[in-house]
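One structure below.
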Ligand SMILES: NC(=O)c1ccc[n+]([C@@H]2O[C@H](COP(=O)([O-])OP(=O)(O)OC[C@H]3O[C@@H](n4cnc5c(N)ncnc54)[C@H](OP(=O)(O)O)[C@@H]3O)[C@@H](O)[C@H]2O)c1
């Protein structure tokens, strides 16, 4: 039933909903935003919206600097913004030293108002990134590592400016169809099971990574509510099915091409919900958003079983992040 709801929600969203074009506000010219995976697809289009809205500084985080420079130049040409308002910084979510170096550089910024942690991958092939399956590492572990490494800066910025930084992670209606067999909360370790190449269900790995991200967002948000260190808003927003490079591995299939032609949003349309998440209010903290509003995620999140998996997975995630950067959990 959950998977069926996911499919109908994509059809409803893409065929019947007209998304509002993001509009600016008087604070934006003072503010600083980061977009990861900014050189193409949804990240590029979200960057273009932010530049068009006149943000004070946009940092385009990319793994290939030359692609980032091309994208920056296209945005400057289209928006006529000052050269100094857009910077390209290297960030490779496959490598923890790159994530750490990026966060250390960001800690020198005078303020931080929004982070669109957009970089993500979809693949059916098992491969390693650091010591973790690659989809799990890029879409979940490194995305959470970046969040916790930036959290002190986000707290400091909110105390200085009175504005809570938003940390936004793209999600997907595919999370409704995530295979849950790999998540049994009674097993010794969920992460070990997901990192076992013999057992990993790679056909379901991308939807599963998005389900895991909802669990993490809910746990981080719960802690941010009671933090005395400062404030931050974290949400996870679903752009729905869009044309981009994400599904290049599946492009050869005729069925996929037809479905994409009939149903997919453009990346520009999908990026509107990501920018909405970046500018949204406190009511979005810890929430799954779709079509620019808070939505109820899968019953695998809201039900009793989901709550057990969420707690177990989050405990393992924090343990993993502590092994990457000792003391990082104290940032919460
Ligand atoms: N398109 C959809 O239908 C859809 C639907 C729901 C959610 N989303 C989510 O939206 C986000 C953007 O997807 P998209 O559709 O725009 O995909 P895309 O066109 O493939 O763009 C992905 C971006 O992430 C970057 N990236 C991938 N691996 C990286 C790494 N290890 N380190 C740093 N950057 C990395 C890519 O850089 P390179 O160009 O160098 O590869 C690219 O800039 C993803 O999180 C995706 O899960 C997409």
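In the working numbering, the protein residues as written are 101 to 432.
Built from N, CA and C at the ideal position, the CB exists for glycine as well.
Out of curiosity, what's the CA-to-CA distance linking residue 259 and residue 125?
Here residue 259 refers to the residue found at position 159 when the chain shown is read from its first residue. Here residue 125 refers to the residue found at position 25 when the chain shown is read from its first residue. C-alpha separation (whole angstroms): 20 Å.
With DSSP collapsed to three states, give me the class of residue 169.
Locating residue 169 in the chain shown gives position 69, counting from the first residue. Looking at residue 169 - three-state DSSP - the assignment turns out to be helix.
Please report the straight-line C-alpha distance between residue 242 and residue 193, rounded to a whole angstrom.
As a first step, residue 242 must be located in the chain shown, where it is residue number 142. As a first step, residue 193 must be located in the chain shown, where it is residue number 93. Approximately 6 Å, taken between the alpha carbons.
Over what stretch of residues does the alpha helix (DSSP H) that includes residue 374 continue unbroken?
Indexing the chain shown from 1 puts residue 374 at position 274. Run containing residue 374: 367-379, per the alpha helix (DSSP H) assignment.
What are the residues that DSSP puts in a beta bridge with residue 332?
Within the chain shown, numbered from 1, the residue matching residue 332 stands at position 232. Answer is 265.
Heavy atom of ligand 1 less than 7 Å from the Cβ of residue 270, yes or no?
Here residue 270 refers to the residue found at position 170 when the chain shown is read from its first residue. Yes, Cβ of residue 270 sits closer than 7 Å to a heavy atom of ligand 1.
Short check: CB of residue 335 to CB of residue 370, under 8 Å?
Position 235 of the chain shown holds residue 335. Position 270 of the chain shown holds residue 370. Not closer than 8 Å, so no.
When you compare only the Cα positions, how much space is there between residue 272 and residue 307?
Sequence index remark: in the chain shown, residue 272 carries index 172 (1-based). Sequence index remark: in the chain shown, residue 307 carries index 207 (1-based). Taking the straight line from one Cα to the other gives about 7 Å.
Going by the beta-carbon positions, is the gap between residue 119 and residue 363 smaller than 8 Å?
As a working note, residue 119 is residue 19 in the chain shown. As a working note, residue 363 is residue 263 in the chain shown. Their beta carbons are not under 8 Å apart, which means residue 119 does not touch residue 363 by this criterion.
Assuming residue 157 is part of the beta strand (DSSP E), what are its boundary residues?
Taking the chain shown and counting its residues from 1, the one referred to as residue 157 is at position 57. Taken as a continuous stretch (DSSP letters only), the beta strand (DSSP E) holding residue 157 covers 157-162.
Could you check the C-alpha separation between residue 338 and residue 399 for me, to the nearest Å?
Residue numbering aside, residue 338 sits at position 238 when the chain shown is read from its first letter. Residue numbering aside, residue 399 sits at position 299 when the chain shown is read from its first letter. Their Cα atoms are separated by approximately 16 Å.
What three-state label does DSSP hand residue 290 in the structure shown?
Along the chain shown, read from residue 1 onward, the residue named residue 290 stands at position 190. DSSP places residue 290 in helix when its eight states are reduced to three.
What are the start and end residues of each continuous alpha helix (DSSP H) run of 4 or more residues lying completely inside the segment 112-164, in chain order?
Listed in chain order, they are 141-152.
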